[in-house]
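Residue numbers for the sequence shown follow the working numbering, so the first one is 85 and each next one is one higher. Reading through the structure tokens given below for one structure.
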Amino acid sequence: MTLQNTPRPEWLTFDCYGTLIQWDEGLKAVAADILRGKDEHAVDVERLIEVYDRHEHRLEQIPPHRSFRELSTQGLQLALEELGLTSDPQDSQQLASAIPRMPPFSEVIATLAQLKAMGFKLCIVSNTDDDIIAGNVAQLGGHIDRVITAQQAGAYKPDPRLFDYAHQQLGVTREQVVHICASPTLDHTAARDMHFRCVWIDRGTGRQLLPDYRPDAILNTLDQVVPLFKSLGW
85 MTLQNTPRPE WLTFDCYGTL IQWDEGLKAV AADILRGKDE HAVDVERLIE
135 VYDRHEHRLE QIPPHRSFRE LSTQGLQLAL EELGLTSDPQ DSQQLASAIP
185 RMPPFSEVIA TLAQLKAMGF KLCIVSNTDD DIIAGNVAQL GGHIDRVITA
235 QQAGAYKPDP RLFDYAHQQL GVTREQVVHI CASPTLDHTA ARDMHFRCVW
285 IDRGTGRQLL PDYRPDAILN TLDQVVPLFK SLGW
């Protein structure tokens, strides 16, 4: 797929964590803190994150809808238990309090400012709760126009209901937005199934493309979006 010869979007939608906010870096730091508090720990950080992600993403797809705070708590508890580690309420509190403090990538604020200057409206579409993401949005220089969360929509990516809700709230069709994201599993799945335009920010984390989908553009950092869009006449 390509963005060539497609109409200029009015809105750009963004995945937050991993695209704008340093999710992997922040998650590794809080996982390391949690493991340091376990006397019996013999598990590395990457292994804890892998097992936590598996449980948390599975729980997101099980009805009824529950808050991200609740699911992350349960996912972390299940991960620690699976790895033979004790689970303490303080663990989930550490995770929940760390997420809002995770900072943006170095190029993000300046890039958002450039995109605003180019006339685009900017919206975050994220698998989280309003109160959690508020701390991250506050670090983005005031450039974000709307924030749509799983809490508002009652659904988590890749469920189309979250994107349908976002597009409805923005007053646009799927053809009138470009989505910019970091997660093949969550965002690319939705883009593939719903047929909206998608730019992948591949920051070299090792995440792999889906076998049956390729995004409209693949970039390494968010600031590369600006010259791409200018080359398209946007």
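A virtual CB, placed ideally from N, CA and C, is assigned to each residue, including glycine. Keep in mind the model is a prediction, meaning the values are calculated, not measured.
Check: Buried or exposed (CB count within 10 angstroms, at least 16 for buried), Pro93; Outcome: buried
Check: Alpha helix (DSSP H) runs contained entirely in the stretch 207 to 280, provided each spans 4 or more residues; Outcome: 214 to 221, 234 to 237, 244 to 254, 273 to 278
Check: First and last residue of the uninterrupted alpha helix (DSSP H) at Ala126; Outcome: Neither: Ala126 is in no alpha helix (DSSP H) and is coded neither H nor E.
Check: Meets three-Cβ-pair contact criterion under 8 Å: the stretch 303 to 317 and the stretch 122 to 140; Outcome: no
Check: Rounded C-alpha distance that separates Asp286 from Trp107; Outcome: 13 Å
Check: Backbone secondary structure at Trp95 - three-state DSSP; Outcome: strand
Check: Member of Thr97, Thr90, Cys282 whose CA lies at the smallest distance from the CA of Gly255; Outcome: Thr97
Check: Inter-residue Cα distance where the pair is Ala180 and Ser190; Outcome: 23 Å
Check: Integer Cβ distance of Val209 from Phe247, believed to fall under 8 Å; Outcome: 7 Å
Check: The stretch 262 to 272 in contact with the stretch 215 to 232 per 3-pair CB rule at 8 Å; Outcome: no
Check: Pairwise C-alpha distance: Ala116 and Leu198; Outcome: Note on residue identity: the sequence assigns Gln, not Leu, to residue 198. Gln198 and Ala116: Cα-Cα distance of roughly 36 Å.
Check: Asp300 beta carbon less than 8 Å from that of Thr86; Outcome: yes
Check: Beta-carbon contacts of Arg281 that lie in its chain and below 6 Å, excluding the five residues immediately before and after; Outcome: Val262, Asp300
Check: Assigned secondary structure, Ile146 (DSSP; H/G/I helix, E/B strand, else coil); Outcome: coil
Check: CB-CB length for Lys294 against Arg276, believed under 8 Å; Outcome: The displayed chain sequence assigns Leu, not Lys, to residue 294. Between Arg276 and Leu294 the Cβ distance is about 7 Å, and since that is below 8 Å, they are a contact.
Check: Exposure of Thr170, with buried meaning 16 or more beta-carbon neighbours within 10 Å; Outcome: exposed
Check: Closest Cα partner of Ile320 within the set Lys205, Glu144, Gln235, Gly226; Outcome: This structure cannot settle anything about residue 320, because the visible part of the chain is limited to 85 through 318.
Check: DSSP state of Lys205 mapped onto helix, strand, coil; Outcome: strand
Check: Endpoints, the alpha helix (DSSP H) within which Leu162 is located; Outcome: 152 to 166
Check: Closest Cα partner of Glu109 within the set Met186, Leu143, Asp137, Gly159; Outcome: Met186
Check: Same chain, Cβ closer than 7 Å to Thr289, five either side skipped, listed in chain order; Outcome: Asp108
Check: DSSP state of Tyr101 mapped onto helix, strand, coil; Outcome: strand
Check: Pair within 8 Å by beta-carbon distance, Leu225 and Ile183; Outcome: Note on residue identity: the sequence assigns Gly, not Leu, to residue 225. Their beta carbons are not under 8 Å apart, which means Gly225 does not touch Ile183 by this criterion.
Check: DSSP three-state assignment for Leu196, whether helix, strand or coil; Outcome: helix
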